[in-house]
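The opening position of the sequence shown corresponds to residue 1 in UniProt numbering, with each subsequent residue numbered one higher.
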Amino acid sequence: MTAPTDDEIRARVLDAADRLYNARGIQAVGMDALRAEAGVPLKRLYRLFPAKETIVEAVLRRRHQVWTSFVEDAVAGAPTPRAQLLALYDMLARWFDEDDFRGCVFINTFGELGTVSPRVAEIVREHKAGFQGRVAELCAAACAPAWLAPQLAILAEGAQTTAAIAGTNEAAGHARAAAVTLIDAALGEDRA
Numbered sequence: 001m002t003a004p005t006d007d008e009i010r011a012r013v014l015d016a017a018d019r020l021y022n023a024r025g026i027q028a029v030g031m032d033a034l035r036a037e038a039g040v041p042l043k044r045l046y047r048l049f050p051a052k053e054t055i056v057e058a059v060l061r062r063r064h065q066v067w068t069s070f071v072e073d074a075v076a077g078a079p080t081p082r083a084q085l086l087a088l089y090d091m092l093a094r095w096f097d098e099d100d101f102r103g104c105v106f107i108n109t110f111g112e113l114g115t116v117s118p119r120v121a122e123i124v125r126e127h128k129a130g131f132q133g134r135v136a137e138l139c140a141a142a143c144a145p146a147w148l149a150p151q152l153a154i155l156a157e158g159a160q161t162t163a164a165i166a167g168t169n170e171a172a173g174h175a176r177a178a179a180v181t182l183i184d185a186a187l188g189e190d191r192a
């Protein structure tokens, strides 16, 4: 039996970190707990990730890829530009129903580390700007005015926070209904 490669160990550590950070929060999870969850010797853990912040950054990068895939899958399944915009809120409703939903990892991480870790804050800002940019692209494809995109993005962000606090997916439905109102105002109801 061959020993696991660094890439395999790195993936195990990131999987474990993602689970633990999501369940408990970043500051509540020490390197010993992470080592135990990943089943990795502490020395190897530190060789692959010299500091906890490097693990947090890697988890956020992976979550960005997952989020981007969720968005693109939702958009790909919608037949019109308007439906693509609304598909974002349907995606949120499905996500909010998952057993391990604890809110947006980027918002949660920023809340814990944004003021003490400039690099983490930068990653979170880049992620949020990327989502806002994608919403702007979808709005442009729908021939909507530029003002619509930031408003729809804020609805999605607020729904994530509200759903995490409330523990239900109702915020996605409320955000979707508000999005319909905004989209109809922007495009004119006759184009709906």
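No residue lacks a Cβ here, since even glycine has one placed at the ideal position from N, Cα and C.
Only a predicted model underlies this, so the values are computations on that prediction, with no experimental measurement involved.
Contact belief for residue i with residue j at Cβ below 8 Å, rounded distance in angstroms
i           : j    : result
L45         : R61  : In fact, because the Cβ distance is near 18 Å, the residues do not count as touching under 8 Å.
L85         : C139 : 7 Å
residue 196 : A142 : Since the first residue of the chain shown is 1 and the last is 192, residue 196 is not available in this structure.
F131        : A146 : Not quite, the Cβ-Cβ distance comes to about 16 Å (not below 8 Å), so this is no contact.
Y89         : A175 : 5 Å
A156        : A186 : About 16 Å separates the two Cβ atoms, so there is no contact after all.
L42         : M31  : 7 Å
Proximal residues to residue i (C-beta, below 8 Å), its chain only, five neighbours per side dropped
i   : result
V56 : A17, Y21, I26, T109, L113, S117, V120
R12 : P4, A38, G39, V40
F70 : M91, W95
Of the listed residues the options, nearest to residue i (C-alpha basis)
i    : options               : result
A159 : D97, I123, C139       : D97
C104 : G39, W67, T2          : W67
A177 : A87, W95, H127, T115  : A87
V29  : I9, E53, K43, E8      : E53
A58  : R10, A171, A93        : R10
G173 : A93, E72, D32, E8     : A93
E122 : L187, H64, R19        : H64
M91  : E8, G188, N169, T2    : N169
Q151 : V180, A164, R125, V75 : V180
Contacting residues, own chain, Cβ-Cβ under 7 Å from residue i (five flanking each side not counted)
i    : result
D6   : L48
I107 : Q160, T161
D100 : N22
A33  : L20
R134 : V71
Span of the alpha helix (DSSP H) around residue i
i    : result
R134 : 118 to 141
G114 : Here G114 belongs to no alpha helix (DSSP H), and DSSP marks it neither H nor E.
T150 : In the sequence under discussion, the amino acid at residue 150 is Pro, which differs from the Thr named in the question. That run of the alpha helix (DSSP H) goes 148 to 166.
M91  : 81 to 96
T181 : 170 to 187
Residue i beta carbon near the ligand FMN (any heavy atom closer than 7 Å)
i    : result
T109 : With respect to small molecules bound, the structure shown includes none, and the ligand FMN cannot be examined in it.
Beta-carbon proximity list for residue i, same chain, < 6 Å, skipping 5 on both sides
i    : result
A136 : A149
T2   : none
A171 : A159, T162, A163
- Report the residue ranges of all beta strand (DSSP E) runs contained in full by the UniProt domain "HTH tetR-type" (7 to 67); include only those spanning at least 3 residues, in chain order. none
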